[in-house]
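**Student:** Numbering (the working numbering), first residue to last: 7 to 353.
The structure follows.
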């Protein structure tokens, strides 16, 4: 399954032929079987049953289309099927993927040691999702966050980052390039911004795949120190996606953070990859929030202070310094922040 996810990422992002996985010829019978299998999974598990019927019909209708008939290889079929899916319902978590390496294991088979090692190495090479921890002029912290890896992979990096940021007077969290990830990591990081004590309810999720409803709460314990009693600003862009959007919205609602930047991309419904063939899978959104938070699917999370993504950091930095200056209780502190404001303005 992990191979299919990685191969799909290549298909969605690669522009160089050498980066693409080996192709696979497809017979008309195999194409039809793949579309039927994808339609069956979507119809059974897509988070909105009424939309699931429409998506499944679109896939089955597409079996006889010229575009599908012309897609005689796997690499040709993937973008065609994804266009059909998105034309039926705009949901970017709904995707069709292919892997050049067949995986015949059961869909719920545990991760192999090799896959676990690969995941650890990927996280390490990407800084465990943390692109930078900085101290800006005026003692403002900056945490640049690009991906929400599983806590088992990136938890120690979070603890280290929060220790480094503890002495700052305010914090900016940059999610402008965040492309989603683990809901569990969202809860871990969010927990650092609520006071120690009783956990706080974050949301209640319904999962159609498991036919269960589950509550999400902040964690009762995180390795100290927490970051409370200070202003927090979250930078967003039109690229901010999925788990990044959820973290931004939860930070505003629960930790009273100020969102600065652009309305986010609009992917709210967690998805599950489902195998439909040893070399093909479909990502089906299976869950949605029914209590505790807004549903930003297709709409995105709007900022509190709208500005371009390019200007968001400078805007948040100036705002943080201005608020600190205005609260200053003595002349020296006020002068410190005024000097920082002048330095930022001069750039």
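Note that beta-carbon positions come from the ideal geometry of N, C-alpha and C, so glycine has one too.
Everything numeric in this text was worked out from a predicted model, so none of it was measured.
Excluding five sequence neighbours on each side, which residues of the same chain lie with their C-beta closer than 7 Å to the C-beta of residue 62?
**Tutor:** 45, 48 and 49
**Student:** According to DSSP, is residue 212 helix, strand or coil?
**Tutor:** strand
**Student:** Just the C-alpha distance for residue 214 and residue 264, rounded to the nearest angstrom, thanks.
**Tutor:** 33 Å
**Student:** Going by beta carbon distance, what residues of the same chain come within less than 7 Å of residue 142, once the five residues before and after it are set aside?
**Tutor:** 148 and 323
**Student:** Please say whether residue 40 and residue 87 have beta carbons closer to each other than 9 Å?
**Tutor:** yes
**Student:** Could you compute how far the alpha carbon of residue 312 sits from the alpha carbon of residue 266?
**Tutor:** 6 Å
**Student:** What's the gap between the Cα of residue 244 and the Cα of residue 268?
**Tutor:** 6 Å
**Student:** Suppose the cutoff is 7 Å on Cβ atoms and the five residues either side in sequence are ignored; what does the same chain contact list for residue 224 look like?
**Tutor:** 193, 196, 197, 200, 205, 206 and 208
**Student:** List in chain order: all unbroken beta strand (DSSP E) runs of 3+ residues lying wholly within the segment 146-188.
**Tutor:** 146-151 and 176-180
**Student:** Among 130, 172, 175 and 145, whose alpha-carbon lies nearest the alpha-carbon of residue 153?
**Tutor:** 130
**Student:** Among the candidates 300, 230 and 285, whose CA atom is the shortest distance from the CA of residue 254?
**Tutor:** 300
**Student:** Enumerate, from N- to C-terminal direction, the unbroken beta strand (DSSP E) stretches of 3 or more residues contained entirely within the segment 262-331.
**Tutor:** Listed in chain order, the beta strand (DSSP E) elements of length 3 or more contained wholly in the segment 262-331 are 264-267, 277-283, 286-291 and 293-297.
**Student:** For residue 245, which of helix, strand or coil comes out of DSSP?
**Tutor:** coil
**Student:** Using the rule of at least 16 other Cβ atoms within 10 Å of the residue's Cβ for burial, across every protein chain shown, is residue 80 buried or exposed?
**Tutor:** buried
**Student:** What did DSSP end up calling residue 84 once you bin it into helix, strand or coil?
**Tutor:** Helix.
**Student:** Need the endpoints of the alpha helix (DSSP H) that residue 38 sits in, please.
**Tutor:** Where residue 38 is concerned, the enclosing alpha helix (DSSP H) stretches over 34-51.
**Student:** Within the chosen definition, does the segment 295-309 reach the segment 267-283 through at least 3 CB pairs nearer than 8 Å?
**Tutor:** yes
**Student:** DSSP state of residue 139, grouped into three classes?
**Tutor:** strand
**Student:** So, residue 99 versus residue 249, is the Cβ gap smaller than 9 Å?
**Tutor:** no
**Student:** Have a look at residue 161 and residue 174 and give me their C-alpha separation to the nearest angstrom.
**Tutor:** Cα to Cα, residue 161 sits roughly 21 Å from residue 174.
**Student:** Can you give the Cα-Cα distance for residue 326 and residue 234, rounded to whole angstroms?
**Tutor:** 15 Å
**Student:** Classify residue 296: buried if its beta carbon has 16 or more other beta carbons within 10 angstroms, exposed otherwise.
**Tutor:** Exposed.
**Student:** Let's see if you can read the secondary structure: which residues bound the beta strand (DSSP E) around residue 233?
**Tutor:** Where residue 233 is concerned, there is no enclosing beta strand (DSSP E), given that its DSSP letter is neither H nor E.
**Student:** List the whole-angstrom C-beta distance separating residue 68 from residue 74, where the pair is believed to meet the contact cut-off of C-beta under 8 Å.
**Tutor:** 5 Å
**Student:** Rounded to whole angstroms, what is the Cα-Cα separation between residue 237 and residue 330?
**Tutor:** 9 Å
**Student:** Looking at residue 109 and residue 285, is the spacing between their C-beta atoms short of 9 Å?
**Tutor:** Yes. Within cutoff.
**Student:** With DSSP as the reference, label residue 59 as helix, strand or coil.
**Tutor:** helix
**Student:** Alpha carbons only, please: which of 261, 104 and 137 is nearest the one belonging to residue 167?
**Tutor:** 137
**Student:** Whole angstroms are fine: how far does the CA of residue 346 sit from the CA of residue 178?
**Tutor:** 15 Å
**Student:** I'd like the list of long-range same chain contacts for residue 90, defined as Cβ closer than 7 Å, with 5 residues on each side in sequence excluded.
**Tutor:** 64, 65 and 68
**Student:** Taking the CB atoms as reference points, tell me whether residue 42 and residue 106 lie closer together than 9 Å.
**Tutor:** no
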